[in-house]
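Student: Numbering (full-length UniProt numbering), first residue to last: 1 to 284. Where a beta carbon is used, it is the ideal one built from N, C-alpha and C, also for glycine.
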């Protein structure tokens with residue numbers, strides 16, 4: 001994608017910058033739901049095995065995201081700022097099942113993004129607005145994961161928090177291009193990370209990323225804290241046993257950290273769903 005460049009000293013401490021960052025995520029989600037619901041009918045959802053109520057609820061979710069966009073635009077204009085404009089996007093779904101899976105991913109990214117960005121909002125009134133949006137995003141996420149997919153509706157006692165750079169790294173994969181007139185965002189994308197298809201706890205995973213394999217670690221940010229394993233020279237790593245739920249994987253120079261200072265690549269969003277007994281659910 002193309003965005004206005006950031007200076008090396010740019011920091012996301014201005015409320016307008018943070019609000020525009022949130023607006024970028026909300027535009028992405030709002031467009032995602034609008035386009036998918038235009039594409040897939042009730043009959044399409046039924047053919048994929050979903051009751052009519054699922055599509056109806058997604059219509060509600062789409063309305064929420066549209067309202068979030070309108071609300072944040074209004075706040076930015078009220079602050080005499082320039083709202084960022086909508087970008088163009090590429091969403092890799094082909095059917096309602098793919099749409100539902102991508103919805104789960106986007107809602108998770110949104111929840112972790114709001115959790116991490118809240119610390120940069122200085123005005124308490126805007127912080128309250130962000131917190132209320134976060135609550136709704138988390139409810140969306142739990143509904144999609146638990147009710148629609150039959151997976152775990154949460155992954156532990158805490159939401160994983162991501163920095164703006166980390167969230168933008170994930171969102172950037174869906175953004176084709178943005179207007180050149182958009183204000184600069186308080187974030188930049190990290191090099192991407194991918195784990196080999198079918199990677200799971202206890203298995204050896206092949207990692208795909210640009211960067212060194214010397215002295216770095218595969219770090220998973222989980223609801224219960226970071227878990228790490230060394231990366232071998234051939235860019236493979238043994239995934240620790242016991243991991244499950246939704247987590248984020250990084251290549252990091254630090255053993256137990258995945259902050260912006262130490263991240264070499266990532267995050268990659270990982271979903272290892274489990275049932276109510278804590279057993280991993282096989283993925284197809």
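(1) Less than 8 Å between the CB atoms is what I'm expecting for residue 55 and residue 45, so what's the real figure, rounded?
(2) By the three-class DSSP mapping on this structure, what secondary structure does residue 305 have?
(3) Kindly provide the ranges of any alpha helix (DSSP H) runs that are 4 or more residues long and lie completely inside the stretch 89-161, ordered along the chain.
(4) Exposed or buried, which one is residue 158 when buried takes at least 16 other CB atoms within 10 Å?
(5) In this structure, how does DSSP classify residue 82 when only helix, strand and coil are distinguished?
(6) Enumerated in chain order, which unbroken segments of the beta strand (DSSP E) with a length of 3 residues or greater are wholly contained in the stretch 191-261?
(7) Grouping DSSP H, G and I as helix and E and B as strand, with all else coil, what is residue 56?
(8) Using the Cα positions of residue 13 and residue 104, report the straight-line distance between them to the nearest angstrom.
(9) Taking Cβ to Cβ, would you say residue 193 is nearer than 8 Å to residue 254?
(10) Pop quiz: residue 174 and residue 28 are said to be a contact at Cβ under 8 Å. What is the actual Cβ separation, rounded to whole angstroms?
(11) Count the other CB atoms within 10 Å of the CB of residue 283; is the residue buried (16 or more) or exposed (fewer)?
(12) According to DSSP, simplified to helix, strand and coil, what is residue 16?
(13) Quick check: residue 209 and residue 160, are their CB atoms within less than 8 Å of each other?
(14) With three or more C-beta pairs closer than 8 Å as the rule, is the stretch 236-251 touching the stretch 63-78?
(15) By how many angstroms is the C-alpha of residue 38 removed from the C-alpha of residue 99?
(16) Opposite residue 280 in the DSSP bridges: which residues?
(17) Would you call the CB atoms of residue 212 and residue 196 closer than 8 Å?
(18) Would you decide whether residue 107 is buried or exposed? Buried here means 16 or more other CB atoms lie within 10 Å of its CB.
(19) Measuring straight from C-alpha to C-alpha, what distance separates residue 17 and residue 91?
Tutor: Looking at the atomic coordinates:
(1) Residue mapping note: residue 55 aligns to position 55 of the chain shown, counting from 1. Residue mapping note: residue 45 aligns to position 45 of the chain shown, counting from 1. 5 Å between Cβ atoms; contact.
(2) An answer regarding residue 305 cannot be provided, because it is not within the stretch 1 to 284 covered by the chain.
(3) 96-117 and 124-142
(4) Translated into positions along the chain shown, residue 158 becomes position 158. Answer is exposed; the Cβ neighbour count stays below 16.
(5) As a first step, residue 82 is located in the chain shown; it is residue number 82 there, counting from the start. DSSP places residue 82 in coil when its eight states are reduced to three.
(6) 204-208, 217-222, 225-230, 236-238 and 245-252
(7) Residue 56 sits at position 56 when you count from the first residue of the chain shown. Correct three-state label for residue 56: helix.
(8) Translated into the one-based positions of the chain shown, residue 13 becomes position 13. Translated into the one-based positions of the chain shown, residue 104 becomes position 104. Because the pLDDT of residue 13 is 42, which lies under 50, any placement of that residue in the model is unreliable, and the number read from its coordinates should be weighed accordingly. The alpha-carbon atoms of residue 13 and residue 104 are separated by roughly 29 Å.
(9) Numbered from 1 along the chain shown, position 193 holds the residue referred to as residue 193. Numbered from 1 along the chain shown, position 254 holds the residue referred to as residue 254. The answer is no: Cβ separation not under 8 Å.
(10) Working through the chain shown from its first residue, we reach residue 174 at position 174. Working through the chain shown from its first residue, we reach residue 28 at position 28. The Cβ separation is near 6 Å, so the contact holds.
(11) As a position in the chain shown, residue 283 is number 283, starting the count at 1. When all chains shown are included, residue 283 counts as exposed.
(12) Counting from 1 along the chain shown, the entry for residue 16 is found at position 16. In the structure shown, residue 16 sits in a helix (DSSP, three-state: H, G or I).
(13) Numbered from 1 along the chain shown, position 209 holds the residue referred to as residue 209. Numbered from 1 along the chain shown, position 160 holds the residue referred to as residue 160. No.
(14) no
(15) Residue numbering aside, residue 99 sits at position 99 when the chain shown is read from its first letter. Residue numbering aside, residue 38 sits at position 38 when the chain shown is read from its first letter. Cα-Cα distance, rounded: 12 Å.
(16) Numbered from its first residue, the chain shown carries residue 280 at position 280. In the DSSP output, where bridge partners are listed per residue, residue 280 has 274.
(17) Within the chain shown, the letter at position 212 stands for residue 212. Within the chain shown, the letter at position 196 stands for residue 196. It is not a contact, given that the beta carbons lie outside the stated cut-off.
(18) For the purposes of this step, residue 107 is taken as the residue at position 107 of the chain shown. With 16 or more other Cβ atoms within 10 Å, it is buried.
(19) Looking up residue 17 in the chain shown gives position 17. Looking up residue 91 in the chain shown gives position 91. Cα to Cα, the separation comes out at about 25 Å.
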